[in-house]
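Worksheet for the structure shown next.
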Amino acid sequence: GYPHYRERVPEALANVHEHGGFDHLLICIDAEEMSCEEKVAEITVLLSEGPTFPNTHIVIQYPCVETWLLGHRRELRPRRTPDLRTFVHFYNVAKNDPEAMGCPSGQAKDVAAFHYQYLRAMLTTRDGRGRYNKETGRIGPTGDAAYLEALIARHRETGHLRSFGHWLTVCQTLGWQSDS
């Protein structure tokens, strides 16, 4: 995350050169408050400041990885807590593209923070147990293959989650195939 990626991207590039044996370098990063194009330009500048690596792939999570995770339509239904109802009333991510969702004024410091809060509400059980917390590394069902397959199906059926679709294309370029 910002600002750490300004150090980590050049470090990753240096490690690829130092240790060798790598065919590809994949950089996945949140757009945050930038457009995908602006973030790619920023990362391209960082990459130009060091040694080059021909098979570098840049994937921008727009605006953040939690936005992608909001794309699982069935996860939204079973846990209708009051907090979740408030989020859904603002913007229903089961029906509308999560990447197009903004942030209500005064609700969070930025869109990415709001999407994180929405995802936490979506993945909180009725008894109040949270199943997603990026600070503790608790990812709950988002780490399951079935969760990923649901996101892939959503993208293919609706065209939603365009930046996720770019990630899929890069993964296919690298030889990965989904079951969907």
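Count along the sequence shown from 1, add 27, and you get the number used in my numbering. Glycine included, C-beta positions come from ideal geometry on N, C-alpha and C.
Own chain residues within Cβ distance below 6 Å of residue i, not counting five before or after
i	result
alanine 177	His99
histidine 182	Leu188, Phe191 and Gly192
methionine 128	Tyr118
glutamate 93	His142, Tyr143 and Leu146
aspartate 110	Ala148
Own chain, CB closer than 8 Å to residue i, minus 5 neighbours either side, in chain order
i	result
leucine 175	Ser205
valine 197	Leu53, His84 and Val86
Rounded separation between residue i and residue j - CA only
i	j	result
histidine 46	cysteine 91	30 Å
phenylalanine 49	valine 43	6 Å
lysine 66	proline 131	23 Å
glycine 167	threonine 151	10 Å
alanine 76	histidine 51	Reading off the sequence shown, one finds glutamate at residue 76, where the question assumed alanine. Distance between the alpha carbons of glutamate 76 and histidine 51: 18 Å.
threonine 113	glycine 164	26 Å
arginine 33	threonine 79	16 Å
threonine 185	glutamine 199	19 Å
alanine 148	alanine 173	20 Å
proline 30	leucine 103	32 Å
tyrosine 214	asparagine 82	This structure leaves residue 214 out entirely; the chain is present only between 28 and 207.
isoleucine 56	tryptophan 194	11 Å
glycine 133	alanine 139	14 Å
glycine 170	valine 120	19 Å
glycine 157	lysine 122	23 Å
alanine 135	aspartate 124	20 Å
heavy atom of the ligand HEM below 7 Å from residue i C-beta
i	result
threonine 185	Looking at this structure, you won't find the ligand HEM or any other ligand, since it has none at all.
Span of the beta strand (DSSP E) around residue i
i	result
leucine 188	Run containing leucine 188: none; DSSP gives neither H nor E here.
valine 86	83-88
leucine 53	52-57
Start and end residues, alpha helix (DSSP H) containing residue i
i	result
aspartate 110	109-117
phenylalanine 141	138-149
isoleucine 70	63-75
leucine 96	92-96
valine 43	32-46
arginine 100	100-103
Residues near residue i by beta carbon distance below 7 Å, same chain, minus five either side
i	result
glycine 202	none
proline 37	Leu73, Glu76 and Gly77
tryptophan 95	Gln88, Leu178, Leu188 and Phe191
leucine 97	Val120, Pro125, His142, Tyr145, Leu146 and Met149
tyrosine 159	Leu146, Arg147, Leu150, Arg165, Ile166, Gly167 and Thr169
Three or more C-beta pairs below 8 Å linking the stretch 53-63 and the stretch 71-87: yes
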